[in-house]
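**Student:** What follows is a structure written as C-alpha cells; I'll ask about it next.
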Amino acid sequence: MSNALHPFMTTGPDGRTLVPGGSVYRPPSEHDSLLLQVSVGCSHNKCSYCAMYLGKRFAIRPQAEIDGLLARYATQPPAPSGRVFLCDGDALILPQRRLVPVLEGIRKHLPWVRRVCTYGDTRSVLRKSVDELRQLRELGLGMVYHGVETGDEQSLAAITKGATRAEVVETAARLKAAGIAHSVILLLGIAGVEGSERHARETASLLTAIDPPFAGALTVTPVPGTPLHDAFERGAFTLPDKFGLLTELRTLIAESTLTRCRFSSNHASNYLPLRGELPRDQERMVAALDEVIRRRDERVLKPEWLRGL
Ligand code: SF4
8 MSNALHPFMT
18 TGPDGRTLVP
28 GGSVYRPPSE
38 HDSLLLQVSV
48 GCSHNKCSYC
58 AMYLGKRFAI
68 RPQAEIDGLL
78 ARYATQPPAP
88 SGRVFLCDGD
98 ALILPQRRLV
108 PVLEGIRKHL
118 PWVRRVCTYG
128 DTRSVLRKSV
138 DELRQLRELG
148 LGMVYHGVET
158 GDEQSLAAIT
168 KGATRAEVVE
178 TAARLKAAGI
188 AHSVILLLGI
198 AGVEGSERHA
208 RETASLLTAI
218 DPPFAGALTV
228 TPVPGTPLHD
238 AFERGAFTLP
248 DKFGLLTELR
258 TLIAESTLTR
268 CRFSSNHASN
278 YLPLRGELPR
288 DQERMVAALD
298 EVIRRRDERV
308 LKPEWLRGL
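Per our numbering, residue 8 is the first one in the sequence shown, and the count goes up by one each step.
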C-alpha cells in the first residue's frame, strides 16, 4: 500500500467508518467511499518512512464481524461514489479464501456498490495468481492503490520496502491481465539529496515499464518515530529543498513514456499541485514546472501551513 504521509484520517463521525476506536487511512480519491475495515494495520510495517501503523499489530477481522458490519451498512444510504474501500493499509494481503466472502458479502448486502478498491502491493498481489485476481475482479474489485514510491533499486532497499523493481513490474502485469486498475503512488524526496536525480530517473523509467492508468506523487516528510526521521535527525538523510523536489517531479513527468495515465501531484503534502493526462498534457506540465523552477519564487508554492503531512 502506501505510506506514512497519507493524512487521510477518518474517525467515524459520518457513521460509515468501520474503525473501532482508531484512525483509518485512505487515498484522497476515496473520500466519499464507504470504508470497510477488513483488517487492522499492515502485515509488513517496515517501511522506513511510515508511521501509519506503528505499534499496531496486524490482524484480519473475523468474517462474522465483517458480515455484521455489512448487515448494518445495508440499512444506511449508499456512499455517494458508489464505492467501497477496504481498509487498513494492507487488505489485499488477505488470503483468497478470506477475500472472496468479503466481496460476496458486499454484493449481497450493498447492491449499490459499483466498485471495490483497496491498497495493495507486490507482496499482496504476487501471492495471487492472475486467475485469482480475475476472480476478485469479477466479484467487484476494480482498483488497487499501490505505494511504489520509487523505481530506484537502491532506494527500495534503503527504505525496506520489501519489493524489487522486477516485482513491481510483475505486479503491474498481473493486475493488468486481471483487468484491475492500478493506481501507483510515488514519493518525492525519498532518496534524499544524494539520490534525488537517480530516484527521479529510475522512477520515470519504472513508470514507463509498468505504464499505469493512474499515478500520483506525494512528498516525503520524516515523521517522528520512524527510521527515516532518526536518520534525518542525525544528519544521515537530507531532504531536497522545495525546488529540488519539483525538479524530481519534472523528471518524472518529462522522462516517462506512457500510453494514457492520469497523473496528479495534488496531494496535500506537495508544494505545487498539478493534474493532467499523460502524454496529452506532458508538455504543459513540464513547461509549468520549468517556469516555477527557473523563477525560484516561493510565493507560487503552497505555504507550509497549508501542507497536510
Ligand atoms: S507497506 Fe509500508 S508504507 Fe504501506 S502501510 Fe505498510 S509499512 Fe506503511
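Just so it is clear, CB atoms sit at the ideal spot from N, CA and C, and this is done for glycine as well. Remember, it's a predicted structure, so these values are computed and weren't measured experimentally.
Any idea if G186 is buried or exposed, counting beta-carbon neighbours within 10 angstroms, 16 or more meaning buried?
**Tutor:** exposed
**Student:** Quick check on E298: does DSSP put it in helix, strand or coil?
**Tutor:** helix
**Student:** Which value, in whole angstroms, describes the spacing of the CA atoms of C54 and I166?
**Tutor:** C-alpha of C54 to C-alpha of I166: approximately 6 Å in a straight line.
**Student:** Between the C-alpha atoms of Y60 and C49, what's the straight-line distance to the nearest angstrom?
**Tutor:** Distance between the alpha carbons of Y60 and C49: 7 Å.
**Student:** For the alpha helix (DSSP H) that contains V109, what are its first and last residues?
**Tutor:** 103-116
**Student:** Nearest CA to the CA of P35: which residue from T125, R68, G112?
**Tutor:** T125
**Student:** Residues bridged to A188 by DSSP?
**Tutor:** M150
**Student:** Alpha carbon to alpha carbon, how far is G28 from A86?
**Tutor:** With a pLDDT of only 42 at G28, under 50, the local geometry of the prediction cannot be trusted, and the value read off the model is given with reservation. Put simply, the backbone Cα of G28 is about 21 Å away from that of A86.
**Student:** Of all the beta strand (DSSP E) runs that stay within the bounds of the stretch 231-285, which reach a length of 3 or more residues?
**Tutor:** 268-271, 282-285
**Student:** Can you look up A170 in the DSSP assignment and give me helix, strand or coil?
**Tutor:** coil
**Student:** Spell out the partners DSSP gives V137 in its beta bridges.
**Tutor:** Answer by DSSP bridge pairing: none, since V137 is not bridged.
**Student:** Using DSSP with H/G/I as helix, E/B as strand and the rest coil, what is I217?
**Tutor:** helix
**Student:** Any heavy atom of the ligand SF4 closer than 6 Å to the Cβ of C124?
**Tutor:** no
**Student:** What does DSSP give as the partner residues of A198 in its beta bridges?
**Tutor:** Beta-bridge pairing links A198 to no other residue.
**Student:** From the DSSP output, read off the bridge partner residues of F92.
**Tutor:** L42, C124
**Student:** Less than 8 Å between the CB atoms is what I'm expecting for V31 and D95, so what's the real figure, rounded?
**Tutor:** 6 Å
**Student:** Pairing CB atoms from the stretch 231-240 with CB atoms from the stretch 286-298, are three or more of them under 8 Å?
**Tutor:** Judged by Cβ distances under 8 Å, the stretch 231-240 makes no contact with the stretch 286-298, as fewer than three pairs qualify.
**Student:** Quick one: using the 10 Å Cβ neighbour count with 16 as the cut-off for buried, is D128 buried or exposed?
**Tutor:** buried
**Student:** Once the 5 residues before and after R64 are set aside, which same chain residues still bring their CB inside 8 Å of it?
**Tutor:** V47, G48
**Student:** Per DSSP, G223 is paired with what?
**Tutor:** I192, S271
**Student:** Measuring alpha carbon to alpha carbon, tell me which residue in E298, R114, L194 is nearest L163.
**Tutor:** The shortest C-alpha separation from L163 is found at L194.
**Student:** First and last residue of the alpha helix (DSSP H) that includes R79?
**Tutor:** 70-80
**Student:** Using the C-alpha atoms, what's the distance from Q161 back to S131?
**Tutor:** 22 Å
**Student:** Could you check the C-alpha separation between D74 and G196 for me, to the nearest Å?
**Tutor:** Taking the straight line joining both Cα atoms gives about 42 Å.
**Student:** Please report how far the alpha carbon of V307 lies from the alpha carbon of V299, in whole angstroms.
**Tutor:** V307 and V299 have their C-alpha atoms roughly 8 Å apart.
**Student:** What whole-angstrom Cβ distance do H274 and G199 have, given they're in contact under 8 Å?
**Tutor:** Contact doesn't hold; Cβ gap of about 20 Å is too wide.
**Student:** Regarding H51 and the ligand SAH, is the C-beta to nearest heavy atom distance less than 6 Å?
**Tutor:** Looking for the ligand SAH in the displayed structure turns up nothing; the ligands present are the ligand SF4.
**Student:** According to the Cβ coordinates, are H189 and V137 closer than 7 Å?
**Tutor:** Contact flag unset, no.
**Student:** With a Cβ-Cβ cutoff of 7 Å, do M292 and L281 count as a contact?
**Tutor:** Yes. Within cutoff.
**Student:** In the DSSP output, which residue or residues are listed as bridge partners for V47?
**Tutor:** A66
**Student:** Count the other CB atoms within 10 Å of the CB of R104; is the residue buried (16 or more) or exposed (fewer)?
**Tutor:** exposed
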